[in-house]
Amino acid sequence: MDDEYYKAVIKVFIDLYHKGYIYRGLRMINWDCEAKTALSNEEVIYREGGENSFLYSVKCAIKDSDEQVIIATQRPETIMGDTAIAVNPSDERHKHLIGKKALVPFINREIPIIGDDYVELDFGTGCLKVTPAHDPNDYEIGQRHNLEVIDTINLDGTLNEKCEVPEYVGRDRFDIRKQIVKDLRAAELLVEEKPFITRIGRSERTNTVVEPKLSLQWFINMKDISRKAHQAVMDDEILLYPSKFKNTYNHWMENVRDWCISRQLWWGHRIPAYYFGEGENDFVVAASAEEALELAKKKSGNAALTARDLKQDEDVLDTWASSWLWPEAVFDGFKEPHFDEKTGKIIEGSNAELDYFYPTDTLVTAPEILFFWVARMIIAGYEYKGEKPFKNVYLTGIVRDKQRRKMSKSLGNSPDPLDLIKQYGADGVRTGMLFSSPAGNDLLFDEKLCDQGKKFSIKLWNAFRFIKQLKTFEGSNADSQLAIDWFNNRFNQVLTEVEDHFSKFRLSDALMSIYKLVYDDLASYLIEMIKPAYEQPIDRTTYDATILIFEKVMKLIHPFMPFISEELWHKIRERADNDCVIVSEWPAIENFDKEIIEEFETVTNLVTAVRNARNSKGISGNEPLNLLLKCSDKSVFDKYQGLISKMAVLSSIEFTDKIVPNSISFMSGTNECFIPIGDAVKIDTTEEKANLQKDLEYQKGFLNSVMKKLGNERFVQNAPEKVIEMERKKQADAEAKIKAIEASIKSLG
RNA sequence: GAGUGGUUAACUCAAUUGGUAGAGUGUUUCGCUUACAACGAAACGGUUAGUGGUUCGAGUCCGCUACUACUUACCA
1347 MDDEYYKAVI
1357 KVFIDLYHKG
1367 YIYRGLRMIN
1377 WDCEAKTALS
1387 NEEVIYREGG
1397 ENSFLYSVKC
1407 AIKDSDEQVI
1417 IATQRPETIM
1427 GDTAIAVNPS
1437 DERHKHLIGK
1447 KALVPFINRE
1457 IPIIGDDYVE
1467 LDFGTGCLKV
1477 TPAHDPNDYE
1487 IGQRHNLEVI
1497 DTINLDGTLN
1507 EKCEVPEYVG
1517 RDRFDIRKQI
1527 VKDLRAAELL
1537 VEEKPFITRI
1547 GRSERTNTVV
1557 EPKLSLQWFI
1567 NMKDISRKAH
1577 QAVMDDEILL
1587 YPSKFKNTYN
1597 HWMENVRDWC
1607 ISRQLWWGHR
1617 IPAYYFGEGE
1627 NDFVVAASAE
1637 EALELAKKKS
1647 GNAALTARDL
1657 KQDEDVLDTW
1667 ASSWLWPEAV
1677 FDGFKEPHFD
1687 EKTGKIIEGS
1697 NAELDYFYPT
1707 DTLVTAPEIL
1717 FFWVARMIIA
1727 GYEYKGEKPF
1737 KNVYLTGIVR
1747 DKQRRKMSKS
1757 LGNSPDPLDL
1767 IKQYGADGVR
1777 TGMLFSSPAG
1787 NDLLFDEKLC
1797 DQGKKFSIKL
1807 WNAFRFIKQL
1817 KTFEGSNADS
1827 QLAIDWFNNR
1837 FNQVLTEVED
1847 HFSKFRLSDA
1857 LMSIYKLVYD
1867 DLASYLIEMI
1877 KPAYEQPIDR
1887 TTYDATILIF
1897 EKVMKLIHPF
1907 MPFISEELWH
1917 KIRERADNDC
1927 VIVSEWPAIE
1937 NFDKEIIEEF
1947 ETVTNLVTAV
1957 RNARNSKGIS
1967 GNEPLNLLLK
1977 CSDKSVFDKY
1987 QGLISKMAVL
1997 SSIEFTDKIV
2007 PNSISFMSGT
2017 NECFIPIGDA
2027 VKIDTTEEKA
2037 NLQKDLEYQK
2047 GFLNSVMKKL
2057 GNERFVQNAP
2067 EKVIEMERKK
2077 QADAEAKIKA
2087 IEASIKSLG
């Protein structure tokens, strides 16, 4: 991190201190008594299944009463630090004691008996000793009830004089535990001692039991400073993708806790606080030691202070206390002359770069740092720039292995990307990942997806190779023109879909639309339809149009497959070196004719039906067949007759108005199709009939359900026109199909 | 414990304001047909976890149950 960034972090600390957001407060930390160091949560290890320990029940006398309370504890050595006994206020056994005073064993200090919901009714004795200095939960109870904090344990794990028992002072806490159990027993205060499995933390470094310990830390008061950041997301001023994270964000911001920004680490931004005495307020906050000295002289009233009398805080700042300034600091927003230290704001109009880029469009990051980083950047953005730092936040999924474990270096379950790239190609790996990355959902990594990506690039390559090797002749072809027309309409339809997906950050969906455009529309239909006979040239009009289409498709693919699309872009046509697809203009959506696309669906349905009929009858795919159609509207089939014949390998298409006997019959939509066959192939009429009967029953059932719905007065009244119309169409289709099937069955005899 | 998601085909996931569930992979059948067998053509495959409710209509909204993931605390 560079010097300017460092200065920015310090400046912000000082600014927040002056604004009154920063304060010093107590916080429970994990303390390793042997290494004499604080540990982060990650450095504390919990043994699986817990550890063997004892739970001791101890009698405590109640002042001015013959009654006693029995408390349960695993750590009797902390008894002298107790400052209250808590019971659940709804506990019938104990609630009458609330408000009385109990006496701490041995030292007879008076402590209050309080009521707190935290206490479980059915754990231990129902009475909880509260030791705010040595237990995180007790500390919180102490906060709620304003309890005294008595820290009886030294940094090295020995007891100090605050425990008030001279024999205990200076001895290790675990020695004292044994000793105190003896002493309690001798004093007849020990009621019970039973084995207990506990989950205690041990230091990763020294394996000693971690001691929860209160220590003075630096905090940012989050309540006021985070208000705008909370609101901005709730009001959709900043959009989270997927939006489900809005709930999570809301919950966190509503219950925002003060941010402890000091850390006990050996590296980081050192806290710019300088102490000149032992008192609670004997410190100053300043950017440098020199400034600190001046301030300290003033604050202490001691003009004789020297630099040696000042001691800078040993702690450093939490790493997020620097990262949260990233959107501004990256443009030197906190550097002179852009930052006004008096107002604590970035001066509007003083920084061209910042003005231009801020707020940025989209932040892409992981959901696990939504609060650590994202929320805090938003807070800092409003605090220092007076505006949101970005408009959208795209939260990616976390890549997991097949056992749903997070991919991580320490587990070693992350595949080497270079190996993957070697195997599947960079585009293949990239596309593979994108196939399955719905925003915010975890992604189970599977090499099969990379393989699919690889195959996709091979498909593109082969399609290109085919187009490129074609020889051309001057001329045109009416059927090809129909195909080109259709594809261009279809292209715009897909482009519209893709744009919609992109606008909603649905990257996998956008990719899937393009993938299908390439496989289904471009490769399976367009290329097959314009394909000239073997080794024959193609007419130039069609060729040129196809090249244009290919170029458009490359543009669409480029964000997903940057390498192969660029390569093909340069191979498909002679170009200057700087004429690259990456800087080419993204295709603009043009109007598309829905009717043409629908017509074409009828065509592909028919082609599929013929292929299907061949398949089921075991007729070879390249044996030309005669097709007879019995349909109400033959215009579409007329128009596309040439293309249908080519795709379905037909020698002729004829129209008829009656059942054709001695033929393979099947339906395509509501159209009846017949392929007459000679005596060479015998049709198994019983099987055929059975199949038709089955279909007939299904159609009748379907019609029945549609009729039921349409017969429902409330449906007809309440449902939108569009939905009703759809139902009517279903009805008509089903009726037509039933009629046709019945006729077919009849014709079979 | 609390909070927030999730549970849809064999697997991985979609389904944008409630309008009758789609892809990919896998499987099966047929086919080396002229760019592609690292392929093509086609088929099979779902009481949307369970349960109750609201609605003409529920994968979608609400209640409960079970399981699961994440975040955060962890039991004197």
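Going by my numbering, the first sequence wraps up at 2095, each residue one higher than the last.
Don't be surprised by glycine CBs; every beta carbon is placed ideally from N, CA and C.
As the structure is a computational prediction, the values presented were derived from the model and not from experiment.
{"Query": "Beta-bridge pairing of G1988 - partner residues as DSSP gives them", "Result": "Note: G1988 sits in no beta bridge, so no partner."}
{"Query": "Stretch-stretch touch, CB-based, cutoff 8 Å, three pairs: the region 1369–1386 with the region 1549–1557", "Result": "yes"}
{"Query": "Span of the beta strand (DSSP E) around E2000", "Result": "1996–2001"}
{"Query": "Validate contact between the region 1406–1413 and the region 1521–1533 using beta carbons, cut 8 Å, 3 pairs", "Result": "no"}
{"Query": "Proximity of P1673 and A1726 at Cβ, strictly below 9 Å", "Result": "yes"}
{"Query": "Span of the beta strand (DSSP E), counted from its first residue to its last, around Q1489", "Result": "Premise fails: Q1489 lies in the alpha helix (DSSP H), 1482–1491, not in any beta strand (DSSP E)."}
{"Query": "Anticipated Cβ contact below 8 Å, I1584 with F1736, distance rounded", "Result": "7 Å"}
{"Query": "Test item: CB-CB of T1954 and I1884 under 9 Å", "Result": "no"}
{"Query": "Three-state secondary structure (DSSP) of Q1798", "Result": "helix"}
{"Query": "Proximal residues to D1518 (C-beta, below 6 Å), its chain only, five neighbours per side dropped", "Result": "G1503, T1504"}
{"Query": "With 16 other Cβ atoms within 10 Å as the buried cut-off, status of V1929", "Result": "exposed"}
{"Query": "Inter-stretch contact (C-beta, 8 Å, three-pair minimum) for the region 1683–1690 and the region 1654–1661", "Result": "no"}
{"Query": "Buried versus exposed call for A1653 [16 or more other C-beta atoms within 10 Å across all chains shown]", "Result": "exposed"}
{"Query": "Validate contact between the region 1427–1434 and the region 1480–1497 using beta carbons, cut 8 Å, 3 pairs", "Result": "yes"}
{"Query": "Residue interval of the alpha helix (DSSP H) (run including K1752)", "Result": "From DSSP, K1752 is part of no alpha helix (DSSP H); its letter is neither H nor E."}
{"Query": "Runs of alpha helix (DSSP H) wholly within the region 1861–1890 (minimum 4 residues, chain order)", "Result": "none"}
{"Query": "Test item: CB-CB of M1580 and W1605 under 9 Å", "Result": "no"}
{"Query": "Neighbour-count burial assignment, A2036, 16 or more Cβ in a 10 Å radius", "Result": "exposed"}
{"Query": "Expected contact under 8 Å - CB spacing of Q1798 and F1781 to nearest Å", "Result": "6 Å"}
{"Query": "Extent of the continuous alpha helix (DSSP H) to which R1523 belongs", "Result": "1519–1532"}
{"Query": "Sequence-distant residues of the same chain with beta carbon closer than 6 Å to A1891, five excluded per side", "Result": "I1830"}
{"Query": "CB-CB length for Y1318 against V1631, believed under 8 Å", "Result": "Outside the modelled stretch of the chain, which goes from 1347 to 2095, sits residue 1318, for which no answer is possible."}
{"Query": "Own chain residues within Cβ distance below 7 Å of D1701, not counting five before or after", "Result": "G1695"}
{"Query": "Where E1674 sits in the DSSP three-state scheme", "Result": "helix"}
{"Query": "Nearest-angstrom Cβ-Cβ length linking L2094 and E2034, presumed shorter than 8 Å", "Result": "6 Å"}
{"Query": "Between the CA atoms of P2066 and Y1871 - distance to the nearest angstrom", "Result": "36 Å"}
{"Query": "Beta-carbon gap between D1468 and P1435 smaller than 9 Å", "Result": "no"}
{"Query": "C1509, DSSP secondary structure in three states", "Result": "helix"}
{"Query": "Same chain, Cβ closer than 8 Å to M1347, neighbours up to 5 away in sequence not counted", "Result": "Residue placement at M1347 cannot be trusted, given a pLDDT of 49 that sits under 50; what the coordinates show is reported in the next sentence. Closer than 8 Å at the Cβ level, and outside the excluded window around M1347, lie S1668."}
{"Query": "Completely contained beta strand (DSSP E) runs for the region 1616–1652, where each covers 3 or more residues", "Result": "1619–1621, 1629–1631"}
{"Query": "Residue from A2080, Q2039, T1471 whose Cα sits closest to the Cα of E1438", "Result": "T1471"}
{"Query": "Q2045 in three-state terms, based on DSSP", "Result": "helix"}
{"Query": "Completely contained beta strand (DSSP E) runs for the region 1949–1991, where each covers 3 or more residues", "Result": "1971–1976"}
{"Query": "Residue nearest to I1543 in terms of C-alpha spacing, selected from D1846, E1397, P1908", "Result": "E1397"}
{"Query": "F1359 Cβ short of 8 Å to the ligand FMN heavy atom set", "Result": "No copy of the ligand FMN appears in this structure; indeed no ligand is present at all."}
{"Query": "Beta-carbon spacing of A2086, K1976 below 9 Å", "Result": "yes"}
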